[in-house]
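Input: a single structure, listed below in structure tokens.
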Amino acid sequence: MIGKYLPLLASSLRRKRLRTFFTIASILVAFLLYGLAASLQFALKSGVDVAGADRLLAMHKVSFTQLLPASYESRIKAVDGVVAVSPQTWFGAWFRDERNQFPTFPSDPEAYLRIYPEIKLAEEQKQAWFADRAGALVGRAIADLYGWKVGDQVPLRSAIWRRLDGSDTWDVTVRAIYDLPEGGDTRQIVLHQDYFEEAKQQAKGLIGWYVIKIDDVNRAQAISRQIDLMFANSPAETKTSSERAMAQSFVNQVGNIGAILSAIVAAVFFTMLLVTANTMAQSVRERTNELAVLKTLGFSNGGVLGMVLAESVLVTALGGLLGMFCAWWIGVQFGPTLDQYLPGFRVPPEAFTKSVLYMLALGVVAGAVPAWQAMRLRIVEALRRD
Amino acid sequence: MNAMPVEVAAGTSIVRIRDLVKDYRRGAETVRVLDGLSLDIQQGDFVALMGPSGSGKSTLLNLIGGLDRPTSGTLEVDGLRVDELSEGSLGRWRADHVGFIFQMYNLLPVLTAERNVELPLLLTNLDREQRMRRVAAALKLVGLEHRARHRPRELSGGQEQRVGIARAIVTDPTLLLCDEPTGDLDRKSGDEILNLLEALNAEYGKTIIMVTHDPHAAERAHRVIHLDKGMLSEGSG
Numbered sequence: 022m023i024g025k026y027l028p029l030l031a032s033s034l035r036r037k038r039l040r041t042f043f044t045i046a047s048i049l050v051a052f053l054l055y056g057l058a059a060s061l062q063f064a065l066k067s068g069v070d071v072a073g074a075d076r077l078l079a080m081h082k083v084s085f086t087q088l089l090p091a092s093y094e095s096r097i098k099a100v101d102g103v104v105a106v107s108p109q110t111w112f113g114a115w116f117r118d119e120r121n122q123f124p125t126f127p128s129d130p131e132a133y134l135r136i137y138p139e140i141k142l143a144e145e146q147k148q149a150w151f152a153d154r155a156g157a158l159v160g161r162a163i164a165d166l167y168g169w170k171v172g173d174q175v176p177l178r179s180a181i182w183r184r185l186d187g188s189d190t191w192d193v194t195v196r197a198i199y200d201l202p203e204g205g206d207t208r209q210i211v212l213h214q215d216y217f218e219e220a221k222q223q224a225k226g227l228i229g230w231y232v233i234k235i236d237d238v239n240r241a242q243a244i245s246r247q248i249d250l251m252f253a254n255s256p257a258e259t260k261t262s263s264e265r266a267m268a269q270s271f272v273n274q275v276g277n278i279g280a281i282l283s284a285i286v287a288a289v290f291f292t293m294l295l296v297t298a299n300t301m302a303q304s305v306r307e308r309t310n311e312l313a314v315l316k317t318l319g320f321s322n323g324g325v326l327g328m329v330l331a332e333s334v335l336v337t338a339l340g341g342l343l344g345m346f347c348a349w350w351i352g353v354q355f356g357p358t359l360d361q362y363l364p365g366f367r368v369p370p371e372a373f374t375k376s377v378l379y380m381l382a383l384g385v386v387a388g389a390v391p392a393w394q395a396m397r398l399r400i401v402e403a404l405r406r407d
Numbered sequence: 477m478n479a480m481p482v483e484v485a486a487g488t489s490i491v492r493i494r495d496l497v498k499d500y501r502r503g504a505e506t507v508r509v510l511d512g513l514s515l516d517i518q519q520g521d522f523v524a525l526m527g528p529s530g531s532g533k534s535t536l537l538n539l540i541g542g543l544d545r546p547t548s549g550t551l552e553v554d555g556l557r558v559d560e561l562s563e564g565s566l567g568r569w570r571a572d573h574v575g576f577i578f579q580m581y582n583l584l585p586v587l588t589a590e591r592n593v594e595l596p597l598l599l600t601n602l603d604r605e606q607r608m609r610r611v612a613a614a615l616k617l618v619g620l621e622h623r624a625r626h627r628p629r630e631l632s633g634g635q636e637q638r639v640g641i642a643r644a645i646v647t648d649p650t651l652l653l654c655d656e657p658t659g660d661l662d663r664k665s666g667d668e669i670l671n672l673l674e675a676l677n678a679e680y681g682k683t684i685i686m687v688t689h690d691p692h693a694a695e696r697a698h699r700v701i702h703l704d705k706g707m708l709s710e711g712s713g
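Chains as they are written, first to last, in my numbering: chain A, 22 to 407; chain B, 477 to 713.
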């Protein structure tokens, strides 16, 4: 039914091709920005989604870059409600090229897998990893990226830690490759804490932070407080909070970028609203006579209103869909490269749904006034204006 | 005021106008363009409306075509009180019963000839194939089937007007209203258009009301009605 009016709508867009092109291009840029902002926010938020509420992180009160004594582990383990504790340290690993960095943590293998039960790996690989002090548990994404297989020896370089011989190369053997449920980020390597402690040159007896699994999510605050009180007034005071809260606070800090981007996108959308409204108003003004002819031929007021609105929505939809396509394409093309900094950088499905609503809303609002004017056009006066 | 209606021909009245008044407001002033006009036009007639500029010819044509509303009086077309129709009904009625032919053709420049002719059919329930068949027939009737895919700017003035005529007749309306159809054409093209209108009247029985300044064009009509200062007087065509 509507299809028969499409040639009429399309021909209206062809009237001033350059103007239509620039309008569509502007809308494209607005939706591209929206798509990229949504991708960024999605990437930042994905860390929070996978973070567990039953996991606590105890780190140095001053900064997470300050180290904690390894001796805290046994004391934390003794706290009522603590199920497992594993030390972790930022290793700063890279492979072949310093740009190829990925999160790597020396940890207690058995405790680590108890704390992160969502990690999936074959039993024989798990046992092999437990048994080999120089073994590494490698995420599927990293293994796929570099073509690593179980049994491969990999020379990891560390940007922070040197071995006793002064070298920054840490030869590890891939003993297990893990997966995560759908959407989980598997760009991570876990090493043996014992091996790391023994072989590192500096900061002996110190670790980065503790990951703690608790038995009751509702007691997270109480346990955190108890741990922090335990080390209060010591040279290395702790600050303990849930992994999710920590991830959220990190996102909140970094997420300001997302908020700024959102504000920019909102401003761009508003500008686009004005641009599109102006284009439509101009287009209707130029076609006063033609609209009057259509009404003469029997097109109803509602029909003319609908036609101008449809034209406006067509413009925003064309620009919007192209913009979202470009954002999606950027996610597909550059997402893997950005994964080490922004894992999961891609346009989330809900952003596509929202964008369609925005396109419709932008088209309707921008076309509303010109459509109203077109609808109210008095045939005789409009024909006389020609 | 014309107390007695001017009858243009014997037979069934397709247009019946009584005591028609049309006032316009120009600032604070009210201008009476048609002053108590009464008129009957018979089915199948070809009427020329003549008169000086501002005499109300186009206003009368617009009222008959339902493009404007009278200030007072009654206006019946084919037995229907057009002056009483709502805005929406008036649009539907125009689409079904009236074909308009304009001096400046008023084709949509971005559409091809066939798309222009198709426009009134978009309001019908015909499918694309049926619409295209009718468009082809209308274009053939005006001798422009070979120019169907051309845009108005690729056509001569006479050809554009013929496309305008095809658009006016494609829905097979009862009434053709022509506002200076040859006013923007040279004599030769104008004659072609008038021949076409004559043929539509004679062969297809279309009732035609044509506003014109041109006595040469008016000669083709069966009857000529003169309008002056909003009042009618009859003369032979």
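Glycine included, C-beta positions come from ideal geometry on N, C-alpha and C. Remember, it's a predicted structure, so these values are computed and weren't measured experimentally.
Selection from the options that minimises the alpha carbon distance to residue i
i        : options                                   : result
A/Lys234 : A/Lys37, A/Val336, A/Ala105 and A/Gln62   : A/Ala105
A/Ile248 : A/Ala79, A/Leu65 and A/Pro108             : A/Ala79
B/Val618 : B/Arg629, B/Glu636 and B/Asn601           : B/Glu636
A/Arg38  : A/Ser304, A/Trp393 and A/Val193           : A/Ser304
A/Gly172 : A/Asn239, A/Leu166 and A/Ala197           : A/Ala197
A/Ala387 : A/Lys316, A/Leu294 and A/Pro369           : A/Leu294
B/Arg492 : B/Lys498, B/Leu513 and B/Val507           : B/Leu513
A/Leu177 : A/Leu53, A/Pro357, A/Met267 and A/Asn121  : A/Asn121
B/Leu661 : B/Ala697, B/Glu674 and B/Gln579           : B/Gln579
A/Pro138 : A/Gly205, A/Val100 and A/Gly168           : A/Gly205
B/Arg545 : B/Asp690, B/Asp559, B/Thr600 and B/His702 : B/Asp559
A/Lys221 : A/Thr300, A/Lys260, A/Met251 and A/Pro127 : A/Pro127
A/Asp129 : A/Gln146, A/Trp150 and A/Phe373           : A/Trp150
A/Thr194 : A/Val175, A/Ala243, A/Lys25 and A/Ala132  : A/Val175
A/Asp192 : A/Pro28, A/Lys141, A/Ala389 and A/Phe116  : A/Phe116
B/Ser565 : A/Trp169, A/Ile48 and A/Gly319            : A/Gly319
Cβ of residue i within 7 Å of any chain A Cβ
i        : result
B/Ala571 : yes
B/Asn538 : yes
B/Asn715 : Outside the shown range of chain B (477 to 713) lies residue 715 of chain B, about which nothing can therefore be said.
B/Pro596 : yes
B/Met480 : For B/Met480, the predicted structure reports a pLDDT of 49, less than 50, and the residue's modelled location is therefore unreliable. The matter cannot be settled from this model.
B/Val586 : yes
B/Met477 : Because B/Met477 carries a pLDDT of 41, less than 50, the predicted location of this residue cannot be relied on, and the following value inherits that uncertainty. Chain A, which has no Cβ nearer than 7 Å to the Cβ of B/Met477, makes this no.
B/Leu599 : yes
B/Gly530 : no
B/Gly564 : yes
B/Gly567 : yes
B/Asp544 : yes
Where residue i falls, given that 16 or more other Cβ within 10 Å makes a residue buried
i        : result
B/Glu505 : exposed
B/Lys705 : exposed
B/Tyr500 : exposed
B/His692 : exposed
B/Ser529 : exposed
A/Glu264 : buried
B/Tyr680 : exposed
A/Gln109 : buried
A/Pro202 : exposed
A/Ile281 : exposed
B/Ser531 : buried
A/Lys186 : At residue 186 of chain A the sequence reads Asp, which differs from the Lys that was named. A/Asp186 should be labelled exposed.
A/His213 : buried
B/Asn538 : buried
A/Gly160 : buried
Cβ separation of residue i and residue j, assumed to be a contact under 8 Å, to the nearest whole Å
i        : j        : result
B/Pro596 : B/Val646 : 6 Å
A/Ala338 : A/Gly56  : No, A/Ala338 and A/Gly56 are not in contact; Cβ-Cβ is about 15 Å, not under 8 Å.
A/Ala288 : A/Ile210 : Their Cβ separation, rounded to whole angstroms, is 42 Å, which puts A/Ala288 and A/Ile210 out of contact at 8 Å.
B/Gln518 : B/Ser562 : That pair is no contact at about 28 Å.
A/Phe123 : A/Ile163 : 6 Å
B/Gly575 : B/Leu652 : 5 Å
Proximity test, Cβ basis, 7 Å: residue i and chain B
i        : result
A/Val401 : yes
A/Val390 : no
Any non-hydrogen atom of the ligand FAD within 6 Å of residue i CB
i        : result
B/Glu679 : Ligands displayed in this structure: none; no statement on the ligand FAD is therefore possible.
Within-7 Å CB hit, residue i to chain D
i        : result
B/Phe576 : No chain D appears in this structure, whose protein chains are A and B.
*Name the residues in the region 26-38 of chain A whose C-beta lies less than 8 Å from a C-beta of chain B; which are they?*
Tyr26, Pro28, Leu29, Ser32, Ser33, Arg35 and Arg36
*For the region 301-328 of chain A, which residues have a CB atom closer than 9 Å to at least one CB atom of chain B, in sequence order?*
Arg308, Asn310, Glu311, Ala313, Val314, Leu315, Lys316, Thr317, Leu318, Gly319, Phe320, Ser321, Asn322, Gly323 and Gly324
*Members of the region 629-650 of chain B that neighbour chain A once the beta carbon cut-off is set at 8 Å*: Arg643
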